[in-house]
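Visitor: First residue of the sequence shown? That's 168 in the numbering used here, and the numbers climb one at a time after it.
Glycine included, C-beta positions come from ideal geometry on N, C-alpha and C.
Please find one structure pasted underneath; my questions will follow.
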Amino acid sequence: MADVNNKFYMDLASNLKIDCEKCFGFCCSALYFAKAEGFPEDKVAGKPCMNLKEDFKCKIHKSLSKKGVKGCTTFECFGAGQKIAQDTYKGESWLDNKEKASEMFDAFVKMMQLHEMLWYLAEAYRIERKDKEREAIKKIIDETINFKKSIDLHAA
């Protein structure tokens with residue numbers, strides 16, 4: 168049973184890892200920034216960061232730490248960016264389809280919140296030793312994953 172539980176956890180955790188190469192800079196465009204919180208500028212949600220290039224890479228990525236931009240270096244979307252970019256919108260970016268940009272940004276924010284919930288649930292599942300409690304956590308995980316699918320259906 169331990170191997171099955173470990174595989175379940177590992178599969179879930181691997182889906183919650185960020186892959187910026189497969190994203191369209193959602194964290195740099197969909198979210199608001201505050202310079203006081205360690206971001207490069209004060210920015211409203213929905214406006215691309217001044218350092219986001221058209222290829223969705225950061226102009227100052229290599230020097231973020233040196234510039235003291237800790238908000239960018241510590242940000243975690245739990246894999247929501249690539250999920251929205253590649254699965255929900257099938258590789259179409261908000262730059263390719265500006266009419267859907269706001270919809271994509273909203274979907275990213277929702278997915279990020281669900282992925283963060285899943286991360287905490289995955290950790291609870293990993294450390295729980297009692298089968299009954301672990302099964303209850305797994306049920307909540309499964310329900311959250313099923314709810315996540317509704318974002319894909321409503322967004323695309």
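For a minimum of 4 consecutive residues, which ranges assigned as the alpha helix (DSSP H) are wholly contained in the segment 168-197?
Guide: Runs of the alpha helix (DSSP H) inside the segment 168-197: 169-181 and 193-196.
Visitor: Could you give the DSSP three-state label for C239: helix, strand or coil?
Guide: C239: helix per DSSP, three-state reduction.
Visitor: Going by beta-carbon coordinates alone, are L285 and T311 separated by less than 8 Å?
Guide: In contact: L285 and T311 (Cβ atoms closer than 8 Å).
Visitor: Quick one: what's L285 bridged to in DSSP?
Guide: DSSP lists no partner for L285.
Visitor: Kindly identify the DSSP beta-bridge partner or partners of C225.
Guide: Paired residues: L219.
Visitor: Pull up the CB-CB distance for P207 and C194, whole angstroms please, since I reckon it's below 8 Å.
Guide: No, P207 and C194 are not in contact; Cβ-Cβ is about 12 Å, not under 8 Å.
Visitor: Less than 6 Å between C-beta atoms, sequence neighbours within five positions excluded: which residues of the same chain meet that for F272?
Guide: So the list reads A197 and G213, once near-sequence residues are dropped.
Visitor: Can you grab the Cα-Cα spacing for the pair D309 / I227, in whole Å?
Guide: Rounded to whole angstroms, D309 to I227 spans 39 Å at the Cα level.
Visitor: With M279 and F223 assumed to form a contact (beta carbons below 8 Å), what rounded beta-carbon distance in angstroms separates them?
Guide: So it is not a contact: roughly 16 Å between Cβ atoms.
Visitor: Quick check: L262 and E221, are their CB atoms within less than 8 Å of each other?
Guide: Yes, the Cβ-Cβ distance between L262 and E221 is below 8 Å.
Visitor: How many angstroms separate the CA atom of N182 from the CA atom of K234?
Guide: Approximately 31 Å between the Cα atoms of the pair.
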